[in-house]
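Protein chains in written order, with my numbering: chain A, 1 to 239; chain B, 240 to 328; chain C, 329 to 417; chain D, 418 to 1157.
What follows is a single structure, written as structure tokens, with notes after it.
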Amino acid sequence: MRFGIAVFPGTWSDRDCRHAVELAGHETVMLWHKDRDLQDADCVILPGGFAYGDYLRAGAVARFAPLMESVTEFANAGGLVWGICNGFQILCEAHLLPGALTRNGSLQYRCAPTWLRVETVDTAFTSGCAAGDVLEIPVSHGEGRYVADEATLEMLERDQRVAFRYVRRDGSGVVEESPNGSMRDIAGIVNEARNVLGMMPHPERACEPLLGSSDGMRLFDSVAKSISGSGAMPVGAAW
Amino acid sequence: MTFAVEVVVALKPVVNDPQGLVVRDGLHRLGFSGVRAVRVGKHLELEIEGDDETSVRALVEAMCEQLLRNTVIEDSRIGSIRVLSDTPL
Amino acid sequence: MTFAVEVVVALKPVVNDPQGLVVRDGLHRLGFSGVRAVRVGKHLELEIEGDDETSVRALVEAMCEQLLRNTVIEDSRIGSIRVLSDTPL
Amino acid sequence: MTSVQLAGASDQDLAEVALTRAEYVHLVESLGREPNRLELGIVGALWSEHCSYKTSKPLLGTLPTKGPRVLQGPGENAGAVDIGDGLACVFKIESHNHPSAIEPYQGAATGVGGILRDIFTMGARPLALLDSLRFGPLDELHQRHLFDGVVAGIGGYGNCIGVPTVGGELYFDESYRTNCLVNAMCVGIVEQGRLTRATASGPGNLVLLVGADTGRDGIHGASFASVVLDAGSAARRPAVQVGNPFLEKCLMEACLELAGDPRVIAMQDLGAAGLCGSTAELAHRGGCGIEVDVSRASRRETGMTPYEVMLSESQERMLIVAKPSDVPSLQEVFERWDLHSDVVAVILAEERFVVRDGADHVCDLPLDVLVDGAPLRGAPGSRPHRAAPLDATNRRRRSWTSEEALLRLLGSPNLGSRAPVYRRYDQQVGDATVILPGGDAALVRVEGTSRGLGLATDGNSRYAALDARQGAMIAVCEAARNVVATGAKPAAVTNCLNFANPEHAVVWWDLHDAIEGIGDACRALDIPVVSGNVSLYNDTGGTGIDPTVVIGMVGVIDDVKGRCTAGFRDVGDSVALIGPVDSELGGSEYQRIADGVNAGPPPHLDIDLERRVHGFILEAIAAGLLHSAHDCAEGGIAIAIAESCLLGDIGARVTIDELEQGEGLINGEAGILFGESQSRFVISFAREALVRLHELAARHSVPFRGLGSVGGERFSVTGCIDVSLADVRRVHEGALIERE
Ligand SMILES: Nc1ncnc2c1ncn2[C@@H]1O[C@H](COP(=O)(O)OP(=O)(O)O)[C@@H](O)[C@H]1O
Ligand SMILES: [Mg+2]
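Given below as structure tokens:
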């Protein structure tokens, strides 16, 4: 099983993602933003960071990198694409996911543990969880407030495309404790075909008890299982 | 010729603007009680080579759609267009 | 009366503007090779109660000095001033 | 030389470059001629306090800088120690006080950028950042503005570049009202074989300038940091630099790719005095000369003079020395990261500092005069007589119950929760932070090994204000204590000396004494000093800061799994106090808020006991006997216990009867609960461990006193305090939050 990890100038979760994937026992290959070859990756991770400084808007410039052309084709062909933090912002800018991520309501950067309620298990990324499970996974961002128009939000809810919602440790609603003021406390969503996930929290930081939580590992395991299950090579084979 | 073009990018009216609220409250605290609302957007000043205003405007409009604004949440408009020099810098 | 006032806050010309550099390079990468330079600033739109344009302008100038611009690295200028309504919102 | 010669520099000329008439005369004598304007400006920058250390150098020489672990002491961009597994830990602390006073966000941000460059210049990948901040009273609007700006700036740079900020410290005190302090420390790791030096060699070798274009940023920055801020500081404001963390991230990755690469002869970042300072240091360290051609440096602006190019402090720039034949392949590496590079200089055989503007020779100075020629400054006067410290007893202004005092202390800006600060910092990127901020030291694991580094910055200036030498010793001990509390053994320190105007005898002697104090403590605890920085003239409008010695400590633990944390853990655990019992209140936070003074002798320090206590704690942790260890600092025992409750989210019930049996406890209950006696830890452990801990304490001959036990949802001290943890938490967490 091989995870491709995108590296844009300004990306910094790339090494953490590699660490997590290797801990999970899988192969990693770093994908340089100037290249187009996805090197037979079964799942492409767009990691956290500040691609191009996140100047102007987070993800705005990264979206045009040569690598993103291949990632877009890969996604459209059903390949698994996982945007984490900055990766989520890039996916929205690239219109692979609806909505946008704006400045945190507090106008402050926020790095803290958060609790995510799994809202759907009908994705390759969450299939190893049970609906309603609460995962402890930290956030670290200044622009994570998810916004979209009512129609889009309704569609996301109706099609069960909200993957994670910020909740309290006990699973109840966060209300004022939201880390960023996202609409409907949305922490992560999937695309219509459910093969592209964007999430603000950092699962790669929650893969070892030594670092405070290993809940993030459940997502990496889910991906691995669903790929080996579906023997997803065909998709990668296109490249 | 070189042109100086102003572009204003602002959040769509429906998108709420926490930064604007903070600025408004800050102004109230300073005693500017007459301030009803504040919206904070971006102001870009571009220096561009081009033949004439029309072609430059068209170029900048394309830039707005592709990069300068997030079409989902932001509107943009082109402000003044001035000739900076008749010869490339 | 309620006025709509535009304020542009921009980095002083000598001050380094990393944002502008990235936007310029981004536009080049998109093929807009004619872009010589980009400066990124803020655009504020204020709604203020006031009696007439002169007094409103004076108010906003005071706001710029006290809060809207960082006097150390930014300049500000007032753009258009429009009457929004003759009665308070 | 085509440039104008000066027919004797006017006072105006000298004022512009911050040189004294005497220094100018000395310069002319050493040169045997008059310098031209450019030369004068260059000398002014390199002879500034900031670059030349003309005041502190003679004193710094007394610091212990050797030790079995030391790979690189003071003299390079940062110090380096051997942490085993063939790895080196590279670290340094640096101040950015003056720029932060002018523009808090950018001042702090570029301070972080600067210290990061000092670390990756040596080939080390930055692993963690720490900060040390001082402001005036937080309830004043301007102080809140500075505080918010500085915290945002540190986060803004560190978060963007992807280096976690894992710790630091923060105090508010009148003494910083007109001079805030912003010190930043960076810690990096490199394979010892890849450790890169900033020592040029090989006449004919070329020097690449990589990174940002050169603009009119921070011209005079170096001399700016070396003069007292005054009304005119505002006029020098265009000097403010805006950092570009994105560019620095690319520069860092490219430089790390080249760490240990044989093609790289030397690497040097551009800091104080820009191209001028860096090229001169580079050549001087290598005992060679250098010729810079300013016309080859890419500019951000048009019409820059050679003087402006040489002294520009534009950020995110780096120098690389390489053989001419290797230059093209090195430039390819930088281009991969979209980094621009220019060949701007060539290494010379003779120790000369030559500047050309194309064909035009504009400067030619002997390097030793430029780098080492500044006349050192001795004591401006004899040691001023200090009035015997005020007696702090019986000046009680307020008569609070111990419970009121506890809550007021916990809710005060100096003791309240730091979460509102560090949650704005990415504390975790790198997947290495094992102990997050909030307790004592941070613990960061070293990739590919079982080891971890305990990291802390400390420096209580109230003690130093009462006695600079004692204050400095305590700063070293407290930093060590914080590291020890995690189970890491102190390995080496870096230090930042923040002082007022050293031309005043009081300040100079405080500096002298503080450096002595650091030296004595480090010798006694056997911890070498491997790097540091000096910031003088924190002295706006005649009100100087209290002597502020900030110690950055790095400790090593062989297996992070064996770490210890500061929060109580299990119901029923026993709580004990390690170390002396006293009731001294001199210099304490209790005294600050209850008496509104800083008086009396600072806490007594028995450095030998301190050493034994560290030995005991480290052995107890290594033996797995402790469930928690937390050092007693500001606020004394009561605050330490309350903090262990909050961190563990569990209550505790203790009694101090046994403590009150002691002799001459002049300040009674308040002194015992809130006094800041040194060399103390509050520990918790399973009852079964008691016997072995007693033996261990006896063997190390450290005082061991049972205090009570862990459990419940209240913090109570028999007979004087009984509060719910919820109340304690509310007060503690609200301390830094702005009240509308
Ligand atoms: N207080 C100090 N103790 C020990 N070494 C110091 C101290 N202050 C400065 N140094 C050393 O002197 C050298 C120059 O310091 P500095 O000018 O701050 O470095 P840089 O030029 O990289 O900013 C460095 O090696 C630094 O470690
Ligand atoms: Mg340096």
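All residues carry an ideal CB built from backbone N, CA and C; glycine is no exception.
Keep in mind that this is a model prediction, so the values were computed, not measured.
Note down, in chain order, each residue of its chain lying with its Cβ closer than 7 Å to the Cβ of ARG614 (chain D), except the 5 sequence neighbours on either side.
Along the fourth sequence, read from residue 1 onward, the residue named residue 614 (chain D) stands at position 197. Excluding positions up to five away in sequence, the list reads GLU493 and ALA683.
> Counting contacts by CB-CB distance shorter than 8 Å, is PHE50 (chain A) in contact with chain D?
Replying inline: On the first sequence, position 50 is the one that residue 50 (chain A) refers to. For PHE50 (chain A), the answer is yes, since a Cβ of chain D falls inside 8 Å of its Cβ.
message = Three Cβ pairs or more, each shorter than 8 Å: is that satisfied between the stretch 268 to 287 of chain B and the stretch 383 to 401 of chain C?
response = yes
Check each residue of the stretch 579 to 605 of chain D: if its Cβ is closer than 8 Å to any Cβ of chain A, include it; give the result in chain order.
GLY579
Per-residue contacts from VAL190 (chain A) into chain B (C-beta, under 9 Å): Reading the first sequence from its first residue, position 190 is the one you call residue 190 (chain A). The contacting residues do not exist; VAL190 (chain A) stays about 18 Å from chain B at best.
Discussion item. To the nearest angstrom, how far is the alpha carbon of ARG653 (chain D) from that of VAL400 (chain C)?
Written reply: Position 236 of the fourth sequence, counted from the first residue, corresponds to residue 653 (chain D). Position 72 of the third sequence, counted from the first residue, corresponds to residue 400 (chain C). For ARG653 (chain D), the predicted model reports a pLDDT of 43, less than 50, meaning its position is unreliable; a value from the coordinates is still stated below. About 10 Å.
| said: Please report whether the beta-carbon of VAL244 (chain B) lies at a distance below 8 Å from any beta-carbon of chain A. | reply: Counted from its first residue, the second sequence places residue 244 (chain B) at position 5. No, VAL244 (chain B) does not count as interfacial toward chain A.
Distance check for ILE974 (chain D) and ARG680 (chain D), CA to CA, integer angstroms please. As a position in the fourth sequence, residue 680 (chain D) is number 263, starting the count at 1. As a position in the fourth sequence, residue 974 (chain D) is number 557, starting the count at 1. Each residue's Cα considered, the two are about 35 Å apart.
Report task. Report all residues from its chain with a CB closer than 6 Å to the CB of LEU692 (chain D); omit the five preceding and five following residues, and keep chain order. Result -> Here the question's residue 692 (chain D) lines up with position 275 in the fourth sequence. For LEU692 (chain D), where only same-chain residues beyond five positions count, the Cβ hits under 6 Å are MET727.
Item to complete: Pick out whichever of D:TRP817, D:THR850 and D:GLY876 has its Cα sitting closest to the Cα of SER549 (chain D).
Response: What you label residue 549 (chain D) is simply residue 132 of the fourth sequence in a count that begins at 1. When only C-alpha atoms are compared, the closest one is D:GLY876.
PHE663 (chain D): contacting residues in chain C (beta-carbon distance under 8 Å): Along the fourth sequence, one-based indexing puts residue 663 (chain D) at 246. Those are PRO346 and VAL350, listed as they occur along chain C.
query: What do you reckon, is the C-beta of PRO997 (chain D) under 7 Å from a heavy atom of ligand 3?
result: You won't find ligand 3 in this model; what it holds is ligand 1 and ligand 2.
Q. Hey, THR102 (chain A) and ARG145 (chain A): beta-carbon distance below 8 Å or not?
A. Taking the first sequence and counting its residues from 1, one reaches residue 102 (chain A) at position 102. Taking the first sequence and counting its residues from 1, one reaches residue 145 (chain A) at position 145. Closer than 8 Å, so yes.
**Report entry** Paired residues, beta bridge with HIS282 (chain B) - DSSP
**Finding:** Working through the second sequence from its first residue, we reach residue 282 (chain B) at position 43. According to DSSP, HIS282 (chain B) bridges with B:VAL247 and C:GLY369.
Tell me whether the stretch 1107 to 1116 of chain D and the stretch 1052 to 1064 of chain D touch, counting them as touching only if at least three CB pairs, one residue from each stretch, are closer than 8 Å. no
**Coil, strand or helix - GLU608 (chain D) by DSSP** = Here residue 608 (chain D) refers to the residue found at position 191 when the fourth sequence is read from its first residue. Strand at GLU608 (chain D).
Review point. What first and last residue would you give for the alpha helix (DSSP H) that runs through GLY972 (chain D)?
Key: As a working mapping, residue 972 (chain D) is identified with position 555 in the fourth sequence. Taken as a continuous stretch (DSSP letters only), GLY972 (chain D) belongs to no alpha helix (DSSP H), being part of the beta strand (DSSP E) at 965 to 974.
Mind pulling the chain D residues with CB within less than 9 Å of ARG110 (chain A)?
-> Taking the first sequence and counting its residues from 1, one reaches residue 110 (chain A) at position 110. Neighbours of ARG110 (chain A) on chain D, chain order: ARG840 and ARG841.
How do the stretch 738 to 747 of chain D and the stretch 617 to 637 of chain D stand: do at least 3 beta-carbon pairs fall below 8 Å, yes or no? yes
Per DSSP, ALA166 (chain A) is paired with what?
One-based indexing of the first sequence puts residue 166 (chain A) at position 166. Looking at the sequence itself, residue 166 (chain A) is Tyr, so the reference to Ala does not match. BP columns for TYR166 (chain A) point to A:LEU116.
(message) Which residues in chain D have a C-beta closer than 8 Å to the C-beta of TYR55 (chain A)? List them in chain order.
(response) By 1-based counting over the first sequence, the position of residue 55 (chain A) is 55. Within 8 Å Cβ-Cβ: PHE663.
**Message:** From the DSSP secondary-structure annotation, give me the bridge partner or partners of THR102 (chain A).
**Reply:** Here the question's residue 102 (chain A) lines up with position 102 in the first sequence. In DSSP, THR102 (chain A) forms a bridge with A:ARG145.
Between B:GLY318, B:VAL262 and B:ASP325, which has its C-alpha nearest VAL248 (chain B)'s C-alpha? For the purposes of this step, residue 248 (chain B) is taken as the residue at position 9 of the second sequence. Comparing Cα positions, the closest option is B:GLY318.
Margin query: Restricting to Cα atoms, I'd like to know which of D:GLN489, D:GLY984, D:GLY677 and D:LEU563 is closest to LEU853 (chain D).
Written below: Numbered from 1 along the fourth sequence, position 436 holds the residue referred to as residue 853 (chain D). Per the Cα distances, D:GLY984.
Sub-8 Å separation of PRO209 (chain A) and PHE220 (chain A) beta-carbons: Translated into the one-based positions of the first sequence, residue 209 (chain A) becomes position 209. Translated into the one-based positions of the first sequence, residue 220 (chain A) becomes position 220. Not in contact: PRO209 (chain A) and PHE220 (chain A) (Cβ atoms no closer than 8 Å).
Query raised in the report: Using the beta-carbon of each residue, which ones in chain B are nearer than 7 Å to ALA62 (chain A)?
Result: Stepping through the first sequence from its first residue, residue 62 (chain A) is reached at position 62. Neighbours of ALA62 (chain A) on chain B: none; closest Cβ ~11 Å, over 7 Å.
| said: Please report the straight-line C-alpha distance between SER952 (chain D) and ARG1147 (chain D), rounded to a whole angstrom. | reply: The residue given as residue 952 (chain D) occupies position 535 in the fourth sequence. The residue given as residue 1147 (chain D) occupies position 730 in the fourth sequence. Taking the straight line joining both Cα atoms gives about 37 Å.
Exposure label - GLY10 (chain A); buried when at least 16 CB within 10 Å:
Position 10 of the first sequence, counted from the start, is the residue given in the question as residue 10 (chain A). It is buried - the Cβ of GLY10 (chain A) has at least 16 other Cβ atoms within 10 Å.
So LEU1124 (chain D) packs on ALA993 (chain D), CB below 8 Å; how close in whole Å?
Against the fourth sequence, residue 1124 (chain D) aligns to sequence position 707. Against the fourth sequence, residue 993 (chain D) aligns to sequence position 576. Indeed they touch by this definition, with Cβ atoms about 6 Å apart.
* To do: Note down, in chain order, every chain D residue with its Cβ under 8 Å from the Cβ of ILE376 (chain C).
  => Counting from one through the third sequence, the residue named residue 376 (chain C) turns up at place 48. Simply none; closest approach about 23 Å.
| query | Is SER517 (chain D) closer than 8 Å to ASP634 (chain D) when the C-beta atoms are compared? | reply | Translated into positions along the fourth sequence, residue 634 (chain D) becomes position 217. Translated into positions along the fourth sequence, residue 517 (chain D) becomes position 100. Not a contact, by the Cβ cut-off of 8 Å.
Inset, instruction - Output, in chain order, the set of chain C residues within a Cβ distance shorter than 7 Å of SER1005 (chain D). - result: As a position in the fourth sequence, residue 1005 (chain D) is number 588, starting the count at 1. Those do not exist, as SER1005 (chain D) stays about 38 Å from chain C at its closest Cβ, beyond 7 Å.
- Extent of the continuous alpha helix (DSSP H) run through GLY87 (chain A): Taking the first residue of the first sequence as position 1, residue 87 (chain A) is located at position 87. Here the alpha helix (DSSP H) through GLY87 (chain A) covers 86 to 93.
Report task. Can you pull the chain D residues whose beta carbon is under 7 Å from the beta carbon of VAL400 (chain C), in chain order? Result -> The count along the third sequence starts at 1 and reaches residue 400 (chain C) at position 72. Those within 7 Å of VAL400 (chain C) in chain D are ILE519, GLU520, ARG654 and VAL657.
Using a Cβ-Cβ cut-off of 7 Å (strictly less than) and excluding sequence neighbours within five positions of MET1 (chain A), which residues of its own chain qualify? As a first step, residue 1 (chain A) must be located in the first sequence, where it is residue number 1. So the list reads HIS26, GLU27, ASP42, ALA224, ILE227 and SER228, once near-sequence residues are dropped.
**Prompt:** The alpha helix (DSSP H) with TYR574 (chain D) in it runs from where to where?
**Reply:** As a working mapping, residue 574 (chain D) is identified with position 157 in the fourth sequence. TYR574 (chain D) -> alpha helix (DSSP H) spans 558 to 578.
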